[in-house]
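Each remark here refers to the structure printed beneath this line.
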Amino acid sequence: MTNAPVLELKNVHTYYGNIHALKGVSLTVGKGEVVTLIGSNGAGKSTTLRTISGLLKPRQGEVLLEGERIDQVPAHKIVERGVLQSPEGRRIFPRLTVKDNLLMGAFTRSDKAEIEQDLERVYGLFPRLKERVAQRGGTLSGGEQQMLAIGRAMMGRPRVLLLDEPSMGLAPVLVEQIFNIIREINSQGITILLVEQNALMALGVANRGYVLQTGQIVLSDDAKALAANEMVQKAYLGIE
Amino acid sequence: MNSRIRAGLIGGIFGLLISLVSGGQIAYLAGIIAGAIASQLAAQEEDVASVRAGIQLGLRAGLVAGALTALGVFIRGFLINPLVNVSADASVVFMLGLGGLVMAGVAGVVFGAIRGLPSPQNRFGTLLAFGLLAVAYPFLDSLLNLRFMNEVIPVLIFILMALGLNIVVGYAGLLDLGYAAFFAIGAYTTGMLASPHFGISMPFWIVIWIAAAVAALFGILLGAPTLPLRGDYLAIVTLGFGEIVPIAANNLDNVTISILGVTLLENFDLTGGPRGINPINRPSLFGYAFEPSQPIPWYFLILGLIVFSIFFILRLRNSRLGRAWSAMREDELAASAMGINLVRTKLLAFAMGATFSGFAGAFYGSFISAITPASFGFDVSVILLCMVILGGLGNITGVILGGLIIQFADRLFLPQLGDVVQGLLQNSNIEVLKEINFKTDFRTMLFGLTLVIMMLVRPEGLVPNERRRRELHADDEATAHERQTLYDAEQA
Ligand SMILES: Nc1ncnc2c1ncn2[C@@H]1O[C@H](COP(=O)(O)OP(=O)(O)OP(=O)(O)O)[C@@H](O)[C@H]1O
Ligand SMILES: [Mg+2]
């Protein structure tokens, strides 16, 4: 790690009722980094993101944003502090237009001129969205909805962007495109925590990575080293 | 079928039913309503490029609607009236039918012409025309000798409430089955502050604000426990609140509170119990006292309240709060992830919704002058919900239209239909039929049937957003084949 972490989880335990989903997760994300969290279904990746964004409260442990605890802060305040999430399954607003969906991402902001600029920036990243400004979100294709979900999170001027499986259900061409966009977003100085099933692609864009297994971090390393790791290759890259 | 003729037929059905069932001079008004509806519907179907085109279109649709209206007049005058032994002068009936036809044509032309104006003016003009119709109604009523004013005012009270309920259900997506509770709270607040009950006589113009504020406060109090609930669970809890309020009003006429042996209140009559509170003071303005025998000032008062509310609600809808409501309605989790404070957003929906019911309650209390718990039951909540859903959730025009139809059907049309059918049954020669009491036995059933048919024919509400829907369909087609090539993996 080269610089002080923007985001840090210390021994976080999160529960769904009696289900112990996160069993002491600790991780850090440095400023300007892309960090990926890989793991099989049900490992607790989405739970980790939900805990960071305040949608779930950990029963034990700490979540720190630039050194300040945010684990008991309500979700909407965490958004105001610049942590935005593109949630699993996209969760765009189906009956609102593309433009209204994007504007909803800027809900916590009131700087009209800059919002307008950011809208153009998002259209620059996703020209397909610009063609469809007046279309309702629910009628977009899956790939377009994913672009909308990422674009919507971008409208909140994130300092930390949490992406939950952005490549889910997309054709290979589009997966490539989405990962290029993730690179581009990161090059604009935005820190990214990326949750992925597609470990190969994720490790391709990430600086570092963590492997999550049934609620615990079992491995963490440089992205390159992880990609070369035998266990990772077997379990997540499908290489024998 | 030609869209103008179809629009004319739909508008004409209203004209036909009204002139057939109500009979008499209402034919003129029926013509105006039929013509206006026909013209609006026709203009919805095709783009009206100029005033000239609008006039042509409106005339065509209006005359078709007028013909049906006249048909209603003739059926009533020549077929039904003789059967129930009402003498009918053929020339009078003929003139009425002609009058209905002409009025429908005129209304069609006027509304069509307005739709032909350039873009901002046409909407403003349409609004103005309907507004003028609303302002002119009391004069039409007395001109045509209709005597509906005492029915029209309660109709408008319900419309005001439906506008408030639309905030909760339509904008925020919170299914509220106990909305009448806030109506009751507004009315009781007025009763307590402006009647001999406590000997307080605050002026109506102040009480109405207090009533709204108290209703809003209860909106928050009743909303708070429902925060974690959604959908059907929320509906059940609100249903409970809707029941509790009138029951409490029924029983709080003998309150005794003692704490640690110190009696704070003994046999205190808070609500008047089953007898309720009366007489409630009536408003007066610059020395003019509102009287029950003079409905016109009341009419304009409630109309003014509605216009004020619409203005306020439109502002709300376009505000930050309005946007938060629509996000919350669509997806609570995503809304929360956008930085929307769900607790605040939900409570404000309940509070804002309740405010308008508070206004309505205050007006109702002063107008009726006597309130009892029985007037605020579940049936009120249900009929309001019907009004909101029938018209088209979240659409103010739709809510008003749906509200007018349901309320007039319930208060005027179905009772009059009952009279007509009862008359026919009595005058038939079949003994069994004479025994049927149509008025009381079938009215509720007919009401239910009307709702079922309406919802089957137009589940999206009376005023769906046509323009937007067409846009959507066009887009669907355009993307369909692109999707096949680009996103094949997704379809597998
Ligand atoms: N709302 C919930 N209630 C109860 N248990 C839950 C809930 N959401 C998730 N879980 C459980 O918590 C565990 C972790 O779930 P999580 O969604 O974080 O997995 P994930 O790593 O994101 O998996 P995937 O890759 O399939 O999305 C799973 O065992 C899951 O069944
Ligand atoms: Mg997941």
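Keeping their order, the protein sequence lines are chains A and B. Quick note: the first sequence uses this note's numbering, first residue -5, plus one each step. Quick note: the second sequence uses this note's numbering, first residue 4, plus one each step. The beta carbon of each residue, even a glycine, is placed where N, CA and C say it ideally should be. Just so it is clear, the structure is predicted and the values come from calculations on it, not from any experiment.
The beta carbon of I109/A lies closer than 8 Å to those of L97, A100, R103, M149 in the same chain, with the five residues before and after it left out. When C-alpha distances from I374/B are compared across I309/B, T274/B, V240/B, I299/B, the shortest belongs to T274/B.
D334, L336, A337, A338, S339, A340, M341, G342, I343, N344, L345, V346, R347: these are the residues of the region 334 to 350 of chain B whose beta carbon lies less than 9 Å from some beta carbon of chain A, given in chain order. With a cut-off of 7 Å, the C-beta of D256/B is classified as distant from ligand 2, since no heavy atom of the ligand falls inside that distance.
Taken residue by residue, none of the region 238 to 262 of chain B has a beta-carbon sitting less than 9 Å from a beta-carbon on chain A.
Ligand 2 has a heavy atom closer than 7 Å to the beta-carbon of S40/A.
Per the C-alpha coordinates, the member of D235/B, V258/B, A183/B positioned closest to F221/B is A183/B. Contact between the region 203 to 218 of chain A and the region 29 to 36 of chain B is absent: fewer than 3 CB-CB pairs across the two stretches fall below 8 Å. Per DSSP, the continuous alpha helix (DSSP H) segment holding L123/A begins and ends at 121 to 125. In the three-state reduction of the DSSP assignment, P68/A falls in the coil class. F366/B and N281/B have their C-alpha atoms spaced approximately 14 Å apart.
Residues of the same chain with a CB within less than 7 Å of the CB of E27/A, apart from the 5 flanking positions on each side, are T185, N201, R202 in chain order. Per DSSP, the beta-bridge partners of F271/B are V258/B. If the five residues before and after V424/B are omitted, its C-beta is found closer than 7 Å to the C-beta atoms of F441, all from its own chain and listed in chain order. According to DSSP, Q207/A shares a beta bridge with Q210/A. For the region 69 to 80 of chain A, the beta-carbon criterion of a distance under 7 Å to any beta-carbon of chain B is satisfied by A69, H70, V73, E74, Q79. Contact of A183/B with chain A by beta-carbon distance below 7 Å is absent, the smallest such distance being about 28 Å. Shortest gap from the CB of E82/A to any heavy atom of ligand 1: under 7 Å. The C-alpha of Q111/A lies about 37 Å from the C-alpha of G33/A. With its beta carbon at least 8 Å from every one in chain B, G38/A lies outside the interface. Per the C-alpha coordinates, the member of Y191/B, F185/B, V51/B positioned closest to L224/B is F185/B.
R323, R326, A327, S329, A330, R332: these are the residues of the region 320 to 332 of chain B whose beta carbon lies less than 9 Å from some beta carbon of chain A, given in chain order.
Here the distance from the Cβ of E159/A to the nearest heavy atom of ligand 2 is below 7 Å. DSSP places D158/A inside the beta strand (DSSP E), whose first and last residues are 154 to 158.
For Q54/A, the beta-bridge partners assigned by DSSP are H7/A. Under DSSP, A107/B takes part in no beta bridge, so it has no partner. Residue side-chain check: A143/A keeps its Cβ at 7 Å or more from all non-hydrogen atoms of ligand 1.
At a Cβ-Cβ threshold of 8 Å, D158/A and L43/A count as neighbours.
Listed along chain B, the residues sitting closer than 7 Å to L90/A by beta-carbon distance are S329, E333. Excluding residues up to 5 positions away in sequence, L306 lie with their Cβ nearer than 8 Å to the Cβ of A137/B in the same chain. Taking 8 Å as the upper bound for CB-CB distance, S40/A and A340/B are not in contact here, some 12 Å apart. Close CB contacts of L232/B within its chain, under the 8 Å cut and outside five residues either way in sequence, are with V240 (chain order).
Under the 8 Å criterion on CB atoms, M148/A is classed as non-interfacial with respect to chain B. Within 9 Å of the CB of F101/A, the CB atoms of chain B belong to R323, R326, A327, A330, A338, M341, G342, I343, in sequence order along the chain.
Placement of the Cβ of N35/A at a distance of less than 7 Å from at least one heavy atom of ligand 1 is found.
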